[in-house]
Structure formats: structure tokens, C-alpha cells
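Undergrad:
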Amino acid sequence: MPNTQTIECEHYVPRVWYKQPRKRLDAYSPCHHKRLFVQSLKGTAHKLPLDPLARYGFVKHSQYRVSRQRAKARESLEREFKSLAQRWRNETTHLSIASEKANNFAYQQIVGMGEKVLPLIFRELETTTSDWFWALRAIAREKAPVIPAEDRGRVRRIAEIWMDWGKQNGYVSG
Amino acid sequence: MVMSPADIWVRHHFPNLRNGQYRITSEDTRDYNCLAWATGENDRKWDPNDPVHHWPDGVPREQTMPAFIAAYAACGYVECDNGEFEQGYEKIAIYANQRGPQHAAKQLSGAWSSKLGDGWDIEHPTLEGIESDDYGKPSAYMKRPIIFQAGIVL
Numbered sequence: 018m019p020n021t022q023t024i025e026c027e028h029y030v031p032r033v034w035y036k037q038p039r040k041r042l043d044a045y046s047p048c049h050h051k052r053l054f055v056q057s058l059k060g061t062a063h064k065l066p067l068d069p070l071a072r073y074g075f076v077k078h079s080q081y082r083v084s085r086q087r088a089k090a091r092e093s094l095e096r097e098f099k100s101l102a103q104r105w106r107n108e109t110t111h112l113s114i115a116s117e118k119a120n121n122f123a124y125q126q127i128v129g130m131g132e133k134v135l136p137l138i139f140r141e142l143e144t145t146t147s148d149w150f151w152a153l154r155a156i157a158r159e160k161a162p163v164i165p166a167e168d169r170g171r172v173r174r175i176a177e178i179w180m181d182w183g184k185q186n187g188y189v190s191g
Numbered sequence: 263m264v265m266s267p268a269d270i271w272v273r274h275h276f277p278n279l280r281n282g283q284y285r286i287t288s289e290d291t292r293d294y295n296c297l298a299w300a301t302g303e304n305d306r307k308w309d310p311n312d313p314v315h316h317w318p319d320g321v322p323r324e325q326t327m328p329a330f331i332a333a334y335a336a337c338g339y340v341e342c343d344n345g346e347f348e349q350g351y352e353k354i355a356i357y358a359n360q361r362g363p364q365h366a367a368k369q370l371s372g373a374w375s376s377k378l379g380d381g382w383d384i385e386h387p388t389l390e391g392i393e394s395d396d397y398g399k400p401s402a403y404m405k406r407p408i409i410f411q412a413g414i415v416l
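Protein sequences, first through last, are from chains A and B. Residue 18 is where the first sequence starts when you use the working numbering, and the numbers rise one by one after that. Residue 263 is where the second sequence starts when you use the working numbering, and the numbers rise one by one after that.
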């Protein structure tokens, strides 16, 4: 089923459907859901204005499809990030100079993912003081926090400064 | 023989140490790196290329041998000819490959001590032990007098 059809779909479907197993959900294609929608509403839906449908437990099929796609994209990004981060660690933990570590192909791919990878880097930074500062600086660019001279080289302090920055800019929850 | 994760890691990254001629002397930590460890610091990282890390004031932030020599000169070291033990001096060896300096080791009464990246400190009897493509070979040596205070070697 082409994605564009799904995204443009304006039909409403019961929110509970989205709790169904994936296999079942996939059956609710734009070709079929209108019939199911009518059945589930038992003829009452047409009396309701479109927008308040959400209050009765219905969401737009298109909204669901988009949101599910986003969730899948997030999961995929996280898997890719973890795999690249592990590869980077395996290949560079014996190196001492940050630019040498950053010269690693896996690390460069992580930097290339851009802003969307920041929450994942911050999650890593919560548990380890690996050299993520280079990637953070490369992605945040001119928005990167200034590290005071007295804190330079003190990785735990630098990690704290970056975590604060992450919270202020919405990349870290809490 | 069952090897510890540290031993497996060391032997994986440093093939010349597969003969077991080394001793692990610390926990693994990311709090400092070899460049800091060579001068006796264990609470911050030195790095010429990354401005979030320490580099001596007034020394060019570049990964070149003159910059490294100037950085250690700021801590009282002067260049010397070799890594042979000299009574009354502590020596460091700066490793370099084709991309420039990569590592520094410090001498401990004949043996050498290295902080290996984000991993462990090790003691290795020879400088050749940690030669590798990534570290290169010892390319410069520096020394400074050992300072005595209240009978303790600092």
C-alpha cells in the first residue's frame, strides 16, 4: 500500500485498534477501514462533527499511520545509533586524542545523523563520559555551551554542562 | 588460561604485548588520558585538537611534534636523546605516526607507564610494547629533574 495514500487518509478509526497486534493493524488499510469504521460506530458517527471524534476515542487513520511511522523511524534510529556507537567504542577506546576518535567512520555517521540523534547521545552521556563532546559540538555548532577554562579536560564536569544544555534545549527529559 | 577483560582488550589493541610483558596498574577510567598521565595528572584530559580539553596556555593547539614538545616544556621537560634511564630525571616518550603525535608514556625507574586511551594504566618494560599503527613509534624524548620534597619523590 503506498504510504502517501495512508498519510492523506482522513477517515477516523477507533483508537483501540492501535493496541491490536501489528499483523491485525496492517489489515486496516485505507481500502478496508471505511467499512470497519461504519460497523464500529453503528451508524452514529455521521451525527458527530469531525473534530470532536477524538473525544470519543477515535483518531484519524492518517494521524495514526504517521505517528506509527515516526515510532518506527525512532526505533530504527536508536538501533542504528547503538550499533554505530558500539562499533566506534570497539575501534577507538585505545586512542587518546579526541579528533582521532572522531575520525572514525562510525562516529562520523553518528554526527551525520544531525540533531535528531542528540537525545540518544545525551542518554549515553548520562551513563558514560565517553568522548561525545566532539559530536555534540559538531551538531550544536554555534549553540554549543562554552566550557570555562577551569573545567577544560574535566570530563565529568563537561558532561554536566552538556547535560544542563540538553535539558534547557529539550533534548533531555527531566 | 582465563584472561580478564582488561587483558583481552590490551592484547587486542597492542599486538606487541601478547607476550604478556606488561602489568595493569589501575582501573579503566575516562577521567584522564595518556597526555595528562605522562605529566603525572590523573584528573583531566589533555588534547590539542579538542578545545573542551586542557592544553597549556600559549602553546599552539595542533597535533604536531613541535606543539607537543612545547606543551611538555611548559611543565619543565626538556628534549633529550633517548629513553634510557637516568638517575634523578623522569622521562617521557612521545609516540607519533604519520598523522602526528598520538601517545605519551612516562618512565618509572626503568619501566614505562602508559594510560591506554579510555582504558587502563599499564606498566610495560619496553617502549616497543605499545608500538602500533595507531600509536606509531617513540619519536621524541623529554626529561625533567625529579623533585624531592620531604623525602617523597613527586
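Don't be surprised by glycine CBs; every beta carbon is placed ideally from N, CA and C.
Within the same chain, show all residues whose beta-carbon is closer than 6 Å to that of H316/B, passing over the 5 residues directly before and after it, in chain order.
TA: Counted from its first residue, the second sequence places residue 316/B at position 54. So the qualifying residues of the chain are R306, W308.
Undergrad: If I measure Cβ to Cβ from N359/B and keep anything under 8 Å in the same chain, skipping five residues before and after, which residues do I get?
TA: Here residue 359/B corresponds to residue number 97 of the second sequence, with the count starting at 1. Contacts found: D395, D396, Y397, G398, K399.
Undergrad: Check whether the Cβ atoms of M327/B and I354/B sit closer than 8 Å, and answer yes or no.
TA: For the purposes of this step, residue 327/B is identified with residue 65 of the second sequence, where counting begins at 1. For the purposes of this step, residue 354/B is identified with residue 92 of the second sequence, where counting begins at 1. No.
Undergrad: For C337/B, which of helix, strand or coil comes out of DSSP?
TA: Here residue 337/B refers to the residue found at position 75 of the second sequence. It is coil, neither helix nor strand.
Undergrad: Under 7 Å Cβ to Cβ from E132/A, same chain only, skipping five residues before and after it: list those, please.
TA: Here residue 132/A refers to the residue found at position 115 of the first sequence. If we look at E132/A and ignore the five residues flanking it on each side, its Cβ neighbours are I156.
Undergrad: Let's see if you can read the secondary structure: which residues bound the beta strand (DSSP E) around Y351/B?
TA: By one-based count along the second sequence, residue 351/B stands at place 89. Residues 351-359.
Undergrad: Please classify N281/B: is it buried, with 16 or more other beta-carbons within 10 angstroms of its beta-carbon, or exposed?
TA: Start at 1 with the first residue of the second sequence, and residue 281/B comes out as number 19. Flag for N281/B reads exposed.
Undergrad: Please state whether the Cβ-Cβ distance between Y403/B and C337/B is less than 8 Å.
TA: In the second sequence, residue 403/B corresponds to position 141, counting from 1. In the second sequence, residue 337/B corresponds to position 75, counting from 1. No, Cβ-Cβ distance for Y403/B and C337/B is not below 8 Å.
Undergrad: Using 8 Å as the Cβ pair cut-off and three pairs as the minimum, do the segment 286-298 of chain B and the segment 371-384 of chain B touch?
TA: yes
Undergrad: Thinking C-alpha only, which one of P277/B, V314/B, H386/B, P363/B is nearest F330/B?
TA: To locate residue 330/B, count along the second sequence from 1; it is residue 68. Ranking the options by Cα distance to F330/B, first place goes to P363/B.
Undergrad: So Q126/A is in the alpha helix (DSSP H); what residue range does that whole segment cover?
TA: In the first sequence, counting from the first residue as 1, residue 126/A sits at position 109. Looking at the DSSP string, the run of the alpha helix (DSSP H) that includes Q126/A is 122-129.
Undergrad: My assumption, with CB atoms under 8 Å, is that F150/A sits in contact with V314/B. Please give the rounded CB distance.
TA: Locating residue 150/A in the first sequence gives position 133, counting from the first residue. Locating residue 314/B in the second sequence gives position 52, counting from the first residue. The Cβ separation is near 5 Å, so the contact holds.
Undergrad: I'd like the list of long-range same chain contacts for D7/A, defined as Cβ closer than 6 Å, with 5 residues on each side in sequence excluded.
TA: The structure shown does not extend to residue 7/A, since chain A spans only 18 to 191, so no value can be given for it.
Undergrad: Determine whether the beta carbon atoms of L475/B and I408/B lie at a separation below 8 Å.
TA: Any answer about residue 475/B is impossible in this case: the structure gives chain B only from 263 up to 416.
Undergrad: Comparing C-alpha positions only, which one of D269/B, S371/B, F347/B, A366/B sits nearest to E303/B?
TA: Within the second sequence, the letter at position 41 stands for residue 303/B. Answer by Cα proximity: A366/B.
Undergrad: Quick check on L279/B - is its C-beta less than 8 Å from some C-beta in chain A?
TA: The residue you call residue 279/B lines up with position 17 of the second sequence. Chain A, which has no Cβ nearer than 8 Å to the Cβ of L279/B, makes this no.
Undergrad: Report the residue from G129/A, G170/A, T145/A, V163/A whose alpha carbon sits nearest the alpha carbon of A152/A.
TA: Counting from 1 along the first sequence, the entry for residue 152/A is found at position 135. Looking at the Cα atoms, G129/A is the closest of the given residues.
Undergrad: Please check the pair R96/A and A123/A, which I expect to be a contact at CB under 8 Å, by giving their CB distance rounded to whole angstroms.
TA: One-based indexing of the first sequence puts residue 96/A at position 79. One-based indexing of the first sequence puts residue 123/A at position 106. About 14 Å; that fails the 8 Å criterion.
Undergrad: Report buried or exposed for Q369/B, applying the criterion of at least 16 other Cβ atoms within 10 angstroms of its Cβ.
TA: If you number the second sequence from 1, residue 369/B lands on position 107. Q369/B is buried by the Cβ-count criterion.
Undergrad: Within the 8 Å Cβ cut-off, does A123/A reach chain B?
TA: Locating residue 123/A in the first sequence gives position 106, counting from the first residue. False, the Cβ-Cβ gap to chain B never drops below 8 Å.
Undergrad: Closer than 8 Å by beta-carbon distance: list the chain A residues that pair up with G381/B, in chain order.
TA: Numbered from its first residue, the second sequence carries residue 381/B at position 119. Under the 8 Å cutoff, chain A gives T110, H111.
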